[in-house]
Every structure is written in C-alpha cells, then in structure tokens.
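A.B. asks: Numbering of the sequence shown is given in this note's numbering, commencing with residue 3 and proceeding in unit increments. Just so you know, even glycine gets a beta-carbon here, dropped at the ideal spot from N, CA and C.
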Amino acid sequence: MLLRHLARPMLASWFVYDGLQAALKPAEHVRAARSGVELVEKSAGIEAPLSEKQVATLVRAHGAATAVAGLFLAVGKAPRTAALTLAALTVPLAVVNQPFTSGEATRAERTRKFVANVGAIGAALIAGADYEGRPGVQWRLEKARHDLALAKQAKQEAVVASAKGAVKDVSTSARGAAKEASRSTKNAAKHAAKEAGRSARRATKAAQQAAEHAATLAAGAVHDAEAAVRAKVA
Numbered sequence: 003m004l005l006r007h008l009a010r011p012m013l014a015s016w017f018v019y020d021g022l023q024a025a026l027k028p029a030e031h032v033r034a035a036r037s038g039v040e041l042v043e044k045s046a047g048i049e050a051p052l053s054e055k056q057v058a059t060l061v062r063a064h065g066a067a068t069a070v071a072g073l074f075l076a077v078g079k080a081p082r083t084a085a086l087t088l089a090a091l092t093v094p095l096a097v098v099n100q101p102f103t104s105g106e107a108t109r110a111e112r113t114r115k116f117v118a119n120v121g122a123i124g125a126a127l128i129a130g131a132d133y134e135g136r137p138g139v140q141w142r143l144e145k146a147r148h149d150l151a152l153a154k155q156a157k158q159e160a161v162v163a164s165a166k167g168a169v170k171d172v173s174t175s176a177r178g179a180a181k182e183a184s185r186s187t188k189n190a191a192k193h194a195a196k197e198a199g200r201s202a203r204r205a206t207k208a209a210q211q212a213a214e215h216a217a218t219l220a221a222g223a224v225h226d227a228e229a230a231v232r233a234k235v236a
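In structure tokens, the structure reads:
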C-alpha cells in the first residue's frame with residue numbers, strides 16, 4: 003500500500019535524526035541521561051556511579067541503536083520488529099525526560115520532550131501492530147482453535163458413521179444368512195419329499211408284484227387240485 007510506504011519513512015525520520023544526534027553529539031544528551039542513570043542507581047542501590055565517559059558511551063550506543071532501527075523501519079526491512087524496537091528504545095528517553103521531579107526552570111522543556119517521547123512510543127507501537135492486511139496473531143489463534151474443533155467433530159462423525167456402517171453390515175450379513183438358511187431348509191424339505199415319494203412308489207410297486215406273485219401261486223394250486231380230482235374220478 004502506497005500510504006504505508008510513505009508513512010514509515012516519515013515516522014522513522016524522527017528516530018533516525020534523534021539517534022544520530024545522540025550518537026554524534028552525545029554531550030547534548032548526557033545531562034538528561036545522567037539524571038536517568040542516577041535514578042536507576044538510586045533505585046538499584048548501586049554505590050559506584052558511572053563516570054561521564056561511561057554515560058556518554060551509553061548515550062552513543064543508544065543513539066546508534068535508535069538510528070539503525072529507524073533506518074530498518076524507513077526501508078521496510080522487518081518493519082514490525084524495527085517499530086517495536088524503537089518503542090522499547092524510546093521508553094528510557096521518556097523516563098529521563100519526565101517533568102514530575104524537575105525544577106521549574108526545566109519543567110517546560112522536559113514536558114515538551116516527554117510528550118514527544120510518549121507520542122513517538124505510541125506511533126511506534128501502532129507501526130509494530132501493523133500486519134499489512136495479514137491476519138493477526140489473535141485471529142490465527144482463533145482460526146486454529148476453530149479448525150481443531152472442526153477436526154475433532156469430523157473425527158467423531160467418522161467414528162459414528164463407521165459404527166453405523168458396521169451395524170448395517172452385520173444386519174445385512176444376518177439377513178443374508180437367514181435367507182440362505184431358509185433356502186437350504188426349503189431345498190431339504192423338497193428333497194425329503196421327493197425321496198419319500200420315490201420310496202412310496204417303490205413300496206407300492208413291490209406290493210403289487212408280491213400280490214401278482216401270490217395270485218399266480220394260488221392259481222397254480224387250484225389248477226393242481228382240479229387235476230387231482232379229475233384223476234380220482236377217472
């Protein structure tokens with residue numbers, strides 16, 4: 003976005019200028035830095051205070067770091083990290099320039115610098131929170147939770163569907179087995195009926211043959227008896 007590419011160098015210009023001034027001309031910042039250092043030493047209970055040379059070195063290092071981070075923001079190199087770094091580097095400036103413990107002679111100037119530092123911190127934080135239209139961390143976390151919930155739901159539905167499919171398969175198999183058993187029973191009954199019919203027909207035929215044989219024997223006996231009677235009469 004064009005506006006973003008224009009706004010970043012404009013915001014970074016203040017940090018770059020102030021950082022270069024502190025790195026190249028630390029004497030102008032040493033007095034304010036000394037008050038901050040003394041406040042830290044008193045709070046931490048440090049008995050050996052820093053020398054003027056050491057304070058000047060700290061001012062130079064802080065100014066150089068601020069200028070480098072400002073350049074990174076200006077050219078769009080890791081802009082979010084650079085902006086958050088600038089916000090962190092400006093906090094000590096706001097602390098040393100706070101007007102609440104200063105005298106009347108310097109309060110107005112310190113108030114102006116303090117307000118400028120606080121405004122710079124806010125601007126840097128806004129730049130650090132700029133995702134350039136990409137989803138933020140909160141959105142990505144919520145989306146990850148939503149995707150995880152959907153995955154769990156899909157897994158549960160798959161388990162239920164699998165169970166239903168297994169029940170359906172068992173039911174289908176049971177119905178198939180019942181049909182097969184019914185067919186086998188019917189076939190066995192038909193086969194038994196056929197065998198019984200064949201046996202009955204064979205028994206009937208055998209009875210008929212036995213009756214015919216008995217009748218033949220009886221006829222032969224009658225014929226023999228008649229022949230014997232005729233022989234006696236003659």
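1. So ALA66 is in the alpha helix (DSSP H); what residue range does that whole segment cover?
2. Cβ atoms of VAL98 and GLY21: under 8 Å apart, would you say?
3. How is ALA96 classed by DSSP in three states: helix, strand or coil?
4. Could you tell me the distance, in whole angstroms, from the CA atom of ASP132 to the CA atom of ARG82?
5. Can ILE123 and THR103 be called in contact, C-beta distance under 8 Å?
6. Under the assumption that VAL57 contacts VAL32 (Cβ atoms under 8 Å), give the Cβ distance between them as a whole number of angstroms.
7. Excluding sequence positions up to five away, which residues of its chain have a Cβ less than 8 Å from the Cβ of TYR125?
8. From VAL61, LEU52, VAL117, ALA194, pick the residue whose C-alpha is nearest to that of GLU30; which is it?
9. What is the residue span of the alpha helix (DSSP H) that PRO11 lies within?
10. On the premise that ASN119 lies in contact with LEU95, defined as a C-beta separation below 8 Å, what is that separation, rounded to the nearest angstrom?
11. Helix, strand or coil: which one does DSSP assign to THR87?
12. Confirm the yes/no value for this check: CB of THR103, any heavy atom of the ligand NAP, distance under 7 Å.
13. Near THR187, what residues of its chain come up, given a Cβ to Cβ distance below 6 Å and the 5 sequence neighbours on each side ignored?
14. Pick out whichever of GLU134, PRO101, ALA205, LYS207 has its Cα sitting closest to the Cα of VAL117.
15. Looking only at its own chain, which residues have a Cβ that is under 6 Å from the Cβ of LEU8, when we skip the five neighbours before and after it?
16. Keeping to the same chain, check which residues put their C-beta closer than 8 Å to that of THR113; ignore five residues upstream and five downstream.
17. Secondary structure at THR103, three-state DSSP: helix, strand or coil?
18. Whole angstroms is fine: what's the gap from ALA209's alpha carbon to VAL169's?
19. Hey, how far is the Cα of ALA25 from the Cα of ALA84?
20. Helix, strand or coil for PRO51 per DSSP?
21. For ALA63 and LEU86, I'd like the C-alpha separation in whole angstroms.
22. May I ask you to report which of helix, strand or coil DSSP gives ASP171?
C.D. replies: So, to answer that:
1. 54-77
2. no
3. helix
4. 7 Å
5. no
6. 6 Å
7. A small fix is needed here, since residue 125 is Ala in this sequence, not Tyr. For ALA125, where only same-chain residues beyond five positions count, the Cβ hits under 8 Å are LEU13.
8. VAL61
9. 4-26
10. 5 Å
11. helix
12. By its list of ligands, the structure shown contains no ligand whatsoever, and the ligand NAP lies outside what it can speak to.
13. none
14. PRO101
15. none
16. PRO101
17. coil
18. 59 Å
19. 18 Å
20. coil
21. 18 Å
22. helix
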